[in-house]
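Read the structure below first, then the notes.
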Amino acid sequence: MNAVYPILKRELRSYFASPLAYVILVVFQSISALFFLLYLKGLLHLQFDPSFHLFRGELNLNNVVVIPYFDTMSIVLLFIIPLITMRSLADERTSHTAELLFTSPIKLRDIILGKYLAALILLIIMLFLSSLNIIVLTVHGNPDLGAVFSSYLGLLLLGASFLSIGIFASSLSSSQLVSAIIAFGILLVLWLIGASSDTESSILGYISLINHFENFGKGIIELKDLAYYFSMIYIGLFLTHVALDSERWR
Amino acid sequence: MINDKQPLINSLDKNCSAVILLKSVHMGSFSPRGISFVNLRVLTAMIHVQNVSKHFGDLVAVDNISFQLEKGDVLGFLGPNGAGKTTTMRIITGYMPPTKGKVHVADVDIFEDPLTAKSHIGYLPENPPLYEEMIVTDYLDFVADIKKVPINEKKGRIHYVMEKCGIFDVGKRIIGHLSKGYRQRIGIAQALINDPSVLVLDEPTNGLDPRQIIEIRKLIKGLSGDRTIILSTHILPEVTMICSKVVIINEGKIVLEESLKRLSQKASDVENILLKTKYQGDEVREKILSIPNVSDIRSGPTNELIIQPKKGVDIREEVSELVIQNKWGLLELHPVAHNLEEVFLKVISSAGN
């Protein structure tokens with residue numbers, strides 16, 4: 001039997017046994033709902049503002065609500081995901097359960113994968129709940145559903161990359177706080193690195209997490225963006241493996 | 001390497017004994033003949049630790065340790081705090097690799113084929129590895145899963161270890177709410193869940209109250225038999241009660257390796273007897289000295305006599321008869337101090353010098 005499943009199951013249970021998962025879900029849901037309302041209200045105001053009548057063609061649900069909404073979500077994820085991943089490996093050290101895991105006849109790869117997938121499931125639940133906002137929008141309006149779906153895919157991939165980096169940060173320290181700060185630091189640097197270069201074609205622009213998210217918002221799914229996020233996830237998990245493995249060799 | 005159960009093999013290969021002699025030097029063993037079995041028993045050993053060293057930066061935590069255990073051996077791993085007991089156990093269980101040397105568990109190299117080797121091991125670390133937020137049965141179920149206990153045996157194993165460790169009545173409670181004694185027992189339960197042939201217990205009675213300590217010792221004793229057990233402790237009577245073999249380690253080196261039978265023999269060689277009588281004339285001393293097996297006699301701090309018998313002879317009966325015949329009024333008659341403790345302190349302090 002594969003060891004990924006028991007690890008995943010235990011990890012998910014422990015998320016929901018502590019208040020952490022609920023608090024994160026509630027906070028994420030409230031923030032997303034708030035921003036959603038703000039953007040919607042903004043659209044209503046702009047429509048009746050005479051100084052904007054020249055841009056009336058641009059004032060649609062997609063440009064004023066959906067795209068800014070997903071952009072904001074991506075930033076909210078940047079703050080919340082280090083909180084999801086901070087305990088994943090750091091906690092095993094403080095509770096001495098690392099000794100149990102690493103002396104069991106299972107592969108390190110399975111441990112990391114189980115933990116990663118559990119965090120990913122929590123992320124999916126988060127995104128699923130926040131889709132309520134969009135469902136309301138489709139009932140009363142007609143947003144471009146294609147763009148909505150691609151945005152969700154983008155958000156999921158972006159969040160999945162964050163998670164993988166967060167788990168790597170968690171493997172570096174036995175303190176949850178320290179690992180959350182490390183994760184946040186790495187994510188912020190990877191986020192802002194794109195701002196230092198204007199063109200997407202430069203290396204820094206390519207490394208930046210945010211540049212690859214823009215296309216999804218426009219409803220474009222490009223192979224290079226998919227490849228970027230998948231390699232990001234792989235690198236994060238690979239580094240986690242290296243960090244945990246080398247720690248014991250020291 | 002000494003094992004009293006095995007007869008001496010006379011027809012030793014010449015080449016083999018040459019290797020053996022070399023080996024005896026670094027192992028610091030007490031009997032050169034016992035060493036010979038090291039090389040002969042490589043294939044039957046359950047745990048085989050070969051020249052293992054572990055460095056943490058400049059610190060040498062474990063320094064060139066070798067020993068070997070067979071099926072059914074219960075090894076007491078003694079040493080002062082910081083001697084390297086936990087590090088050695090972590091290396092044996094595959095938690096960390098040694099800087100130098102090799103470890104075989106059930107004839108499998110723990111770093112070449114860790115999954116197979118680890119499936120033979122049950123390990124209780126110094127702090128029991130518990131998930132505080134889980135309930136006991138869920139926790140044991142999880143451990144059974146990651147230890148690859150087959151699904152159809154899982155239920156039975158969980159039932160068995162819970163019964164063995166006496167944690168049935170807390171099965172549905174959250175681990176974080178339980179007392180230290182229960183946690184320790186859950187720790188032992190998780191180590192047993194895969195029915196390991198090698199059991200490594202790091203201070204299993206640590207932090208328990210006296211009644212629980214007795215229970216845990218009984219439990220461990222009941223577990224020996226076919227299993228090979230290593231347990232570390234700094235409580236010496238524990239070793240006398242449970243173990244068949246003793247390794248004393250100090251500053252990362254093995255300073256004594258002996259079977260318990262030999263060790264207690266050695267200790268009883270120097271066993272003195274304390275005698276206290278109501279009547280305290282000089283003739284008491286004279287008459288006792290006239291017993292053939294008494295080699296010396298001196299006065300203790302509170303008017304009692306400390307009698308030193310000749311090596312390995314029990315003279316208690318003769319002394320008591322003498323006292324009764326002469327009507328001196330017997331108040332006290334018993335062996336002095338704990339033997340193993342004396343040996344332990346002697347070994348540790350002489351190694352320090």
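Chains as they are written, first to last, in this note's numbering: chain A, 1 to 250; chain B, 1 to 353.
Backbone N, C-alpha and C define an ideal beta-carbon position, used for all residues, glycine too.
Residue i at chain A interface by Cβ criterion, 9 angstroms
i: residue 130 of chain B; result: yes
i: residue 190 of chain B; result: yes
i: residue 233 of chain B; result: no
i: residue 90 of chain B; result: yes
i: residue 121 of chain B; result: yes
i: residue 126 of chain B; result: yes
Contact check, residue i vs residue j, beta carbons under 9 angstroms
i: residue 254 of chain A; j: residue 170 of chain A; result: Residue 254 of chain A lies beyond the residue range present for chain A, which begins at 1 and ends at 250; the question has no answer from this structure.
i: residue 46 of chain B; j: residue 198 of chain B; result: yes
i: residue 130 of chain A; j: residue 21 of chain A; result: no
i: residue 24 of chain A; j: residue 122 of chain A; result: yes
i: residue 100 of chain B; j: residue 227 of chain B; result: no
i: residue 181 of chain B; j: residue 208 of chain B; result: yes
i: residue 306 of chain B; j: residue 298 of chain B; result: yes
i: residue 231 of chain B; j: residue 195 of chain B; result: no
i: residue 208 of chain A; j: residue 192 of chain A; result: yes
i: residue 124 of chain B; j: residue 187 of chain B; result: yes
i: residue 174 of chain A; j: residue 236 of chain A; result: no
i: residue 35 of chain A; j: residue 82 of chain A; result: no
i: residue 229 of chain B; j: residue 220 of chain B; result: yes
i: residue 190 of chain B; j: residue 205 of chain B; result: no
i: residue 97 of chain A; j: residue 94 of chain B; result: no
i: residue 237 of chain B; j: residue 273 of chain B; result: no
i: residue 221 of chain A; j: residue 74 of chain A; result: no
Candidates the options: closest to residue i by CA position
i: residue 2 of chain A; options: B:235, B:142 and B:103; result: B:142
i: residue 249 of chain B; options: B:303, B:83 and B:290; result: B:83
i: residue 233 of chain B; options: B:52, B:163 and B:75; result: B:75
i: residue 103 of chain B; options: B:304, B:211 and B:64; result: B:64
i: residue 246 of chain B; options: B:48, B:78 and B:54; result: B:78
i: residue 244 of chain A; options: A:161, A:112, A:160 and A:206; result: A:112
i: residue 4 of chain A; options: A:156, A:114, A:70 and A:13; result: A:114
i: residue 240 of chain A; options: A:110, A:12 and A:124; result: A:110
i: residue 376 of chain B; options: A:11, A:12 and A:17; result: A query on residue 376 of chain B cannot be resolved here, the shown segment of chain B reaching from 1 to 353 and no further.
i: residue 28 of chain A; options: A:49, A:126 and A:36; result: A:126
i: residue 155 of chain B; options: B:252, B:128, B:140 and B:165; result: B:140
i: residue 96 of chain B; options: B:114, B:295 and B:152; result: B:114
i: residue 122 of chain B; options: A:246, A:124 and A:105; result: A:105
i: residue 9 of chain A; options: A:216, A:117, A:190 and A:188; result: A:117
Neighbour-count burial assignment, residue i, 16 or more Cβ in a 10 Å radius
i: residue 277 of chain B; result: buried
i: residue 73 of chain B; result: buried
i: residue 92 of chain A; result: buried
i: residue 158 of chain B; result: buried
i: residue 21 of chain B; result: Per-residue confidence for residue 21 of chain B stands at a pLDDT of 37, beneath the threshold of 50, marking its modelled position as unreliable; the derived number appears in the next sentence. Classification for residue 21 of chain B: exposed.
i: residue 51 of chain A; result: exposed
i: residue 12 of chain A; result: buried
i: residue 334 of chain B; result: exposed
i: residue 135 of chain A; result: exposed
i: residue 252 of chain B; result: buried
i: residue 211 of chain B; result: exposed
Test: residue i CB closer than 9 angstroms to a CB of chain B
i: residue 18 of chain A; result: yes
i: residue 109 of chain A; result: no
i: residue 88 of chain A; result: no
i: residue 82 of chain A; result: no
i: residue 242 of chain A; result: no
i: residue 97 of chain A; result: yes
i: residue 163 of chain A; result: no
i: residue 103 of chain A; result: yes
i: residue 100 of chain A; result: yes
i: residue 67 of chain A; result: no
i: residue 106 of chain A; result: yes
Query raised in the report: Residues in the region 2-17 of chain A with C-beta within 9 angstroms of chain B's C-beta atoms, listed in sequence order?
Result: Hits within the stretch, in order: 3, 5, 6, 7, 9, 10, 13, 14 and 17.
Requested in this report: Below 8 angstroms between beta carbons is the criterion; list the residues of the region 128-155 of chain B that meet it against any residue of chain A, in chain order.
Outcome: Of all residues in the region 128-155 of chain B, 128, 129, 130, 131, 132, 133, 134, 138, 142, 143, 145, 146, 147, 148 and 151 have a Cβ within less than 8 angstroms of some Cβ in chain A.
**Report entry** Contact set between the region 93-118 of chain B and chain A, restricted to residues whose Cβ is under 7 angstroms from the partner
**Finding:** Listed by position along the chain: 93, 94, 95, 96, 97, 115 and 118.
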